[in-house]
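Going from the sequence shown to the working numbering is simple: count from 1 and add 596. Glycine is no exception: its CB is placed at the ideal position from the N, C-alpha and C atoms.
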Amino acid sequence: MFEHIERVPGDAILGLIEAFKKDTNPQKVDLGVGVYKDAQGNTPVMRAVKEAEALLLKNETTKTYIGSHGDPRYAEVVLPMVLGQQGSAVLEAKRASATQAPGGTGALRLAADFISAQLPGKGIWVSDPTWPNHHGIFTAAGIKLNKYPYVDAENRLDFSGMLAAVQQIPAGDVIVLHACCHNPTGFDLDRDQWQQILEVVRERNLLPLIDFAYQGFGEGLEEDAYGVRLMAENLDEVIITSSCSKNFGIYCERTGCLIMVAKNQEQMENVRSQVAIVARENYSNPPAHGGAIVSEILHSAELAAIWREELTEMRDRINTLRRDFVAALKPYGLDAKYACVAEQRGMFSYTGLEPQQVDRLRDEFGIYMVRSGRANVAGFSHENLPYLAKAIAAVN
Ligand SMILES: Cc1ncc(COP(=O)(O)O)c(C=O)c1O
């Protein structure tokens, strides 16, 4: 039965991790992997998370199923985190439904299966480039995938190209937008650009699906939600996939949420009932622990304050490293060439390094990143920046 099955190459990033492990260069630098790292190169458990887990362990009374939509206490805190703490018109109108999911990936798969089942025939449009798993998830759900441009030949945000392409998307199709910290490029839309996209989306009656995987990693928890809230408040229908993997550092707990915004409460409840079916068919109930951690933290003023401080520390570290990277290139006359790194946001950067330069950085200097030139900025440190700058100068 299995004789004809071909082996496919493994994930490029996993291959990079293996090669990095084997490299004996004492100065080697890993800029490939997609997780936050602190100054010591670790991905630690946040203090607020540890404290929440201690409370959960002490107070837990059951491990019964939590239902297809997950824990309502989790939904209670995630909805205002995403849509606004105070006076969210969308929440007041009760037109948003939250379904806890196994990570942002699980939420995206729910969205994809919902679209496939309930909105058949609709195409979906993703930025070129986008997080590679978008391709896999939407294609696996049988949805036709199309691309709109996002980066120009000079490694800048190609907003005019994007806007022109979005104006051509067939009416009624789904457009995937990154709320903030665009992965892989780090180029985000500014407020005026969000407004322009909103207008085209409205004109063409498109359905936005906003992937919100890095809330708090760009400019701040509230600032990063600007585009999401603009769309949700001004459109009848929006799909949002939120992840707590990065901002709570609970990658392995698989914690995310599918938020469906509908025209009114009645339609929201109808949509919600269909999402429950999709969840049930995929995995029945989501894993409980990660949602319980987030809920424990955000229901406690004290733990929430600790968490916000820790998140701010991570964000500030990344944004400082972005500026310091460009400063480290100044002695080599390369600061203008790589200035985009300081302007981008989030964990990732499209550095503009060419594949051949990436290969040389790996082979000659033990510096590892994806061949597209995407670097994980959290892999920079004040210790390795002089080495990185020297190596980049050598391959330029
Ligand atoms: C753009 C984007 N969306 C979604 C995800 C999925 O996140 P999760 O780990 O919560 O599944 C990621 C993770 O890297 C991402 O970069």
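Could you compute how far the alpha carbon of residue i sits from the alpha carbon of residue j?
| i | j | result |
| --- | --- | --- |
| residue 628 | residue 619 | 14 Å |
| residue 995 | residue 727 | In the structure as shown, the chain begins at 597 and stops at 992. Residue 995 is therefore absent and cannot be evaluated. |
| residue 995 | residue 868 | This structure gives no information on residue 995, because the portion of the chain shown stretches from 597 to 992. |
| residue 723 | residue 743 | 5 Å |
| residue 695 | residue 986 | 48 Å |
| residue 976 | residue 688 | 43 Å |
| residue 621 | residue 790 | 44 Å |
| residue 669 | residue 870 | 21 Å |
| residue 639 | residue 705 | 26 Å |
| residue 779 | residue 896 | 31 Å |
| residue 755 | residue 956 | 31 Å |
| residue 930 | residue 922 | 8 Å |
| residue 842 | residue 716 | 32 Å |
| residue 764 | residue 802 | 11 Å |
| residue 693 | residue 605 | 39 Å |
| residue 767 | residue 757 | 18 Å |
| residue 661 | residue 879 | 12 Å |
| residue 967 | residue 959 | 13 Å |
| residue 785 | residue 777 | 10 Å |
| residue 720 | residue 920 | 38 Å |
| residue 906 | residue 736 | 37 Å |
| residue 942 | residue 972 | 9 Å |
Starting from residue i and walking both ways along the alpha helix (DSSP H), at which residues does that stretch end?
| i | result |
| --- | --- |
| residue 822 | 822-830 |
| residue 955 | 951-961 |
| residue 889 | 885-894 |
| residue 788 | 787-799 |
| residue 732 | 728-736 |
| residue 864 | 861-878 |
| residue 810 | That residue, residue 810, is in no alpha helix (DSSP H); it is neither H nor E in DSSP. |
| residue 684 | Per DSSP, residue 684 belongs to no alpha helix (DSSP H) and is neither H nor E. |
| residue 920 | 897-924 |
| residue 783 | No alpha helix (DSSP H) contains residue 783, which DSSP labels as neither H nor E. |
| residue 757 | 755-762 |
Mind checking whether the beta-carbon of residue i lies closer than 6 Å to any heavy atom of ligand 1?
| i | result |
| --- | --- |
| residue 727 | yes |
| residue 809 | yes |
| residue 699 | yes |
| residue 881 | no |
| residue 972 | no |
| residue 628 | no |
| residue 779 | yes |
| residue 852 | yes |
Can you find a heavy atom of ligand 3 that lies under 6 Å from the Cβ of residue i?
| i | result |
| --- | --- |
| residue 839 | You won't find ligand 3 in this model; what it holds is ligand 1. |
For residue i, tell me which candidate among the options has the shortest Cα-Cα distance.
| i | options | result |
| --- | --- | --- |
| residue 913 | 859, 812, 732 | 812 |
| residue 654 | 888, 951, 982 | 888 |
| residue 819 | 766, 787, 690, 879 | 787 |
| residue 901 | 634, 647, 636 | 647 |
| residue 751 | 770, 783, 758, 764 | 783 |
| residue 827 | 890, 926, 685 | 685 |
| residue 760 | 861, 598, 793 | 793 |
| residue 614 | 981, 962, 988, 979 | 962 |
| residue 950 | 817, 944, 970 | 970 |
| residue 667 | 635, 978, 892, 808 | 892 |
| residue 917 | 936, 903, 928 | 936 |
| residue 749 | 771, 989, 946, 953 | 946 |
| residue 925 | 903, 830, 988 | 988 |
| residue 632 | 877, 599, 847 | 847 |
| residue 733 | 598, 617, 885, 807 | 807 |
For the beta strand (DSSP E) that residue i lies in, which residues bound it at each end?
| i | result |
| --- | --- |
| residue 972 | 970-972 |
| residue 692 | 692-697 |
| residue 745 | 741-745 |
| residue 668 | No beta strand (DSSP E) contains residue 668, which is instead part of the alpha helix (DSSP H) from 668-679. |
| residue 616 | Note, residue 616: premise wrong, no beta strand (DSSP E); alpha helix (DSSP H) at 608-618. |
| residue 627 | It is not in any beta strand (DSSP E) - residue 627 carries neither H nor E in the DSSP assignment. |
| residue 928 | Where residue 928 is concerned, there is no enclosing beta strand (DSSP E), given that its DSSP letter is neither H nor E. |
| residue 854 | 852-857 |
| residue 722 | 720-724 |
On the premise that residue j lies in contact with residue i, defined as a C-beta separation below 8 Å, what is that separation, rounded to the nearest angstrom?
| i | j | result |
| --- | --- | --- |
| residue 858 | residue 643 | Rounded, the Cβ-Cβ distance is 38 Å, inconsistent with contact. |
| residue 682 | residue 983 | Their Cβ separation, rounded to whole angstroms, is 47 Å, which puts residue 682 and residue 983 out of contact at 8 Å. |
| residue 839 | residue 852 | 4 Å |
| residue 762 | residue 796 | 5 Å |
| residue 991 | residue 845 | Wrong, their Cβ atoms sit about 33 Å apart, outside the cutoff. |
| residue 698 | residue 882 | 5 Å |
| residue 601 | residue 630 | The Cβ separation is near 28 Å, so there is no contact. |
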